[in-house]
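Engineer:
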Amino acid sequence: MHGRVTRCGATGTCLLALASHAAASEPGGFDSQMRGLIADVGIGTSGVGDYLLGELGAQWQGLQSLRSRRWLLSWDLRASLRGGYLANQEPYLFLLGARLASFAEGGYRTQAERELSPYLGLRLANEEQLLVHPGRALSEYDQYNSIDGVGGLLLRGGLRFDAGASWLTEKRSLLLLGFVEEAFQDLQVYTEALLLTQLGVSARFDLRDGLSASLEGAWGVSPERSDQLRSLRDRTYRVSLAGQFRWVFQHQSWIAANVSLARDSDHLQYAGGRSYDTASAPVFTADVSYGLSLERRAP
Amino acid sequence: MKRLGLLALLACAACDPQRADWGLDAVEGMSTPPDEPELGCGLQLEPAAKASERAECSYRAGTHAGESLGNSAAVLAKVPIRHVIILMRENRSFDHLLGKLHERGQPGVEAVPDSYSNPDASGVAVFPARATSTCLEHDPGHQSESMRRCVDGGKMDGFVQNAAATTPTDGHFVMDYYDEQDLPFYYWLARSYAISDRHFAPNVSGTFANRAFLLFATNAGVVDTGIVFPPPNTPSLLQLLMNAGFTWAAYSDGAPFSGSLDWDHSFPGVRRLQQLYDDLDRGSLPNVAFVDGVEDEDDDHPTADLQLGEARVKAVYEHAITSPQWQRLAIFWTYDEAGAFADHVAPPRGCLPLPARSPFTELGPRIPFVAISAWARRNYASHVPHDHTAMTRFIEAIFDLPALTARDANSDGLLDLFDFSCGRELSGPPPPEVGSGGCARLGTPPG
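Protein chains in written order, with the working numbering: chain A, 90 to 388; chain B, 3 to 449.
#1: Which residues mark the beginning and the end of the alpha helix (DSSP H) in which N245 (chain B) is found?
#2: Report the start-end ranges of each alpha helix (DSSP H) in the segment 406-448 of chain B that is 4 residues or longer and not cut off at the edges.
#3: List, in chain order, every chain A residue whose beta-carbon is nearer than 9 angstroms to that of L26 (chain B).
#4: Write down the C-beta distance between D352 (chain B) and N93 (chain B) rounded to the nearest angstrom, noting that I regard them as a contact closer than 8 angstroms.
#5: Tell me, please, whether the CB atom of N412 (chain B) is closer than 8 angstroms to any CB atom in chain A?
#6: Please specify which runs of the beta strand (DSSP E), each continuous and at least 3 residues long, are wholly inside the segment 176-250 of chain B, giving them in chain order.
#7: How many Å lie between F422 (chain B) and L242 (chain B) at the Cα?
#8: Between G64 (chain B) and chain A, is any beta-carbon pair separated by less than 8 angstroms?
#9: Within the same chain, show all residues whose beta-carbon is closer than 7 angstroms to that of A28 (chain B), passing over the 5 residues directly before and after it, in chain order.
#10: Express the C-alpha separation of V225 (chain B) and A133 (chain B) in angstroms, rounding to a whole number.
#11: Compare the C-beta of I229 (chain B) against all C-beta atoms of chain A and say whether one is closer than 8 angstroms.
#12: Could you check the C-alpha separation between N235 (chain B) and P115 (chain B) for me, to the nearest Å?
#13: Could you give the C-beta distance for L285 (chain A) and G309 (chain A), rounded to a whole number, given that I count them as a contact under 8 angstroms?
#14: Would R409 (chain B) pass as a contact of P355 (chain B) if the rule is Cβ separation under 8 angstroms?
#15: Interface residues of chain A around M244 (chain B) at Cβ under 9 angstroms?
#16: Are the beta-carbon atoms belonging to L248 (chain A) and E271 (chain A) less than 8 angstroms from one another?
#17: Please report the straight-line C-alpha distance between E435 (chain B) and Y365 (chain A), rounded to a whole angstrom.
#18: For D97 (chain B), which three-state DSSP category applies?
#19: Is it buried or exposed, E384 (chain A), if we count other Cβ atoms within 10 angstroms and call 16 or more buried?
#20: Whose CA, out of B:P432, B:Y382, B:L417 and B:L278, lies closest to the CA of K52 (chain B)?
#21: Examine chain B for any beta-carbon lying closer than 8 angstroms to the beta-carbon of D275 (chain A), and answer yes or no.
#22: Quick one: list the residues of chain B neighbouring N215 (chain A), beta-carbon separation under 7 angstroms, in chain order.
#23: Using 10 angstroms around the beta-carbon of I344 (chain A), count the other beta-carbons present and answer buried if the total reaches 16, otherwise exposed.
#24: What are the boundary residues of the beta strand (DSSP E) that includes F373 (chain A)?
#25: Under 8 angstroms: do the segment 138-145 of chain A and the segment 318-327 of chain A share three or more Cβ pairs, one atom per stretch?
#26: What are the boundary residues of the alpha helix (DSSP H) that includes Y279 (chain B)?
#27: What's the C-alpha gap between R62 (chain B) and G238 (chain A)?
#28: If you measure from the beta carbon of A282 (chain A) to each beta carbon in chain B, is any gap under 8 angstroms?
#29: Step through the CB atoms of chain B and report whether any lies within less than 8 angstroms of the CB of N347 (chain A).
#30: Anyone know if the C-beta pair for L219 (chain A) and A187 (chain A) falls short of 8 angstroms?
#31: Of the residues B:H98, B:R330 and B:G107, which one's Cα is nearest the Cα of E38 (chain B)?
#32: Since V221 (chain A) meets chain B, which of its residues come closer than 9 angstroms, beta carbon to beta carbon?
#33: On the CB-based measure, 16 or more other CB atoms within 10 Å of its CB, does S207 (chain B) come out buried or exposed?
#34: Determine whether the beta carbon atoms of D298 (chain B) and L275 (chain B) lie at a separation below 8 angstroms.
#35: Would V230 (chain B) and G138 (chain A) qualify as a contact pair, given that the criterion is a beta-carbon distance under 8 angstroms?
#36: Would you call A123 (chain B) buried or exposed, if buried means 16 or more other Cβ atoms sit within 10 Å of its Cβ?
As structure tokens, this is what we get:
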């Protein structure tokens, strides 16, 4: 299981390879990149309690056309130290650790010569996070109220196929997409590993070295899990909505905000018995980050 | 626009986005199966059958009681009890509530040894003493960290120091016990019916984790009380009952299940306490009734007045013995956990509740447990060790339901507390008055 995630975790490596191409902008193409240090603070609700977490780290985001706007590459790599409080018990649990999150997407514009073109894309995404309570071993985390989804070791990955339309000029990019994604979440202290097949739609608008905004909605379903001992089958469904906004200032620093809302529901079917449709409390997250660019461009 | 906004607000309030949905709505449309009139006396059970296999945790989730209790499903189907009331009170240990029962008409229960004491913060030995009020001013810390300190690896000597560390007192009050004059009805129940002096909390922690074991046979990711609740897709006793066509209801004027599921009165299956009295009077009880008090008022949780709680339990008892369903009824009067009040018996270990992911095998301190029924043995003391999942197993046994986890699969099912032989007195004896004046100093007239 971990091996699978490790391969997903190679997204960062992919990005490094990408960087060699992305270093130089093509004439007349679109190129918007932000690279710098970030400070982030976020709140969230979860099935194991609300939390307040901050991050300090580095981030490299970009959207760039290549080969006469035939290809459109987008990526986001973020590595940070993360810490804060999880309200899963009283007194609240202090957590500290590190997080690596990234995605890379390669998109193909089938009619590159036109501003408006059909678009096909493939995205790899991953997130690895380890948040620990100083002084306690990971093996002791089952002695707390559950920290699943926030604390401990968290591994997530996804492989996504996009199809839609790309409107691209030298200064603007708009992507309107539908997607199919296989998302993976690793086994946690109490929560079983989860594989979700998700269908969704997304819209993303970028101004060169300026505004970037996206909105994404998805519906997912897991394979059926069979609990033979209890003659029970369980299938998980997820609906989610996420929005992102980033604004770049003249001096190349930026501010960004992310919000998301998701809810898992389960269909439990007992052999020879009833079925039950349950729904967990919604998971809401919101964070704001400030980025300070490491490079200065000529105005 | 204003109307739209108002509608959106109402919709938001109705969906209550912070809460989980347990998918149990169907219980509202279910009818309780009629009680079989042919069920009666004469059933012979063997409570000790398969005891050694259960002690070795041999049985797994999914096992039916017919296999693990060594009494066939056909035999268990003849148990005349078709309704169970679980009167789960809050936070009192056996020695604290019934510490003098051995001398007050039930010599079968283990007495508190004269030598039992706890050191206080200064190292001075604190011995059990008669409580001076039924309204305690302080609630000692009783979540997992505190309870482990109390149990102290089985030495049972950390109660006073825990109370001193978690209340603005010297902690001596957790060694106090109540006597029959203080709680006459509770003492009468405990000696009149079948009591267990080896009923332990299923987890070394507080309310939420211990109550979770009753419903899920696991703590379901909950260790300490407060913020985290079991995931709503956790297989439960409520689902098992409904699968087999049996009904349940949660009766309370406060939070159902004492808040351990984050339910309120808008949830399916939740009723007010008056409805329990009405259901008993009309003979329209569900198959299983979970009855809880109002937090810190009449649920026996400190700082509630124990005599008020005693009056509530007495009211349930009085409605029960005059109910047309009395001879089909078993009431289990117990406490969710010991609340960090002292008890001298070291808890044993229970079975690992697989396949539900939970690491806990260490049980918590003893709590009072009495089976009240036309069929309960009278003036009987059981010494079979068990925890709340024995109630789960009893319900699974009489309704032929599979075990949720290995914890309930290996529970004894409380069979030794019952006697289904013919010719015995089945009517419920009339109870004494409850105690009075307890919030004043006990033993003095109420002021």
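We put the CB at the ideal spot given by N, CA and C, even for glycine.
All values derive from a computational prediction rather than experimental measurement.
Structural biologist: A quick look at the data gives this:
#1: L239 to N245
#2: 408-411
#3: Y365 and T367
#4: Residue 352 (chain B) is actually Gly in this sequence, not Asp. The pair is not a contact, with the Cβ atoms about 20 angstroms apart (cut-off 8 angstroms).
#5: no
#6: 196-198
#7: 26 angstroms
#8: yes
#9: M244
#10: 30 angstroms
#11: yes
#12: 45 angstroms
#13: 4 angstroms
#14: yes
#15: G362, R363 and Y365
#16: yes
#17: 45 angstroms
#18: helix
#19: exposed
#20: B:L417
#21: no
#22: Here the premise fails: no neighbours, minimum Cβ distance about 25 angstroms.
#23: exposed
#24: V372 to S382
#25: no
#26: L275 to R284
#27: 29 angstroms
#28: no
#29: no
#30: yes
#31: B:R330
#32: Within chain B, no residue comes near V221 (chain A); the closest Cβ sits about 17 angstroms away, beyond 9 angstroms.
#33: buried
#34: no
#35: yes
#36: exposed
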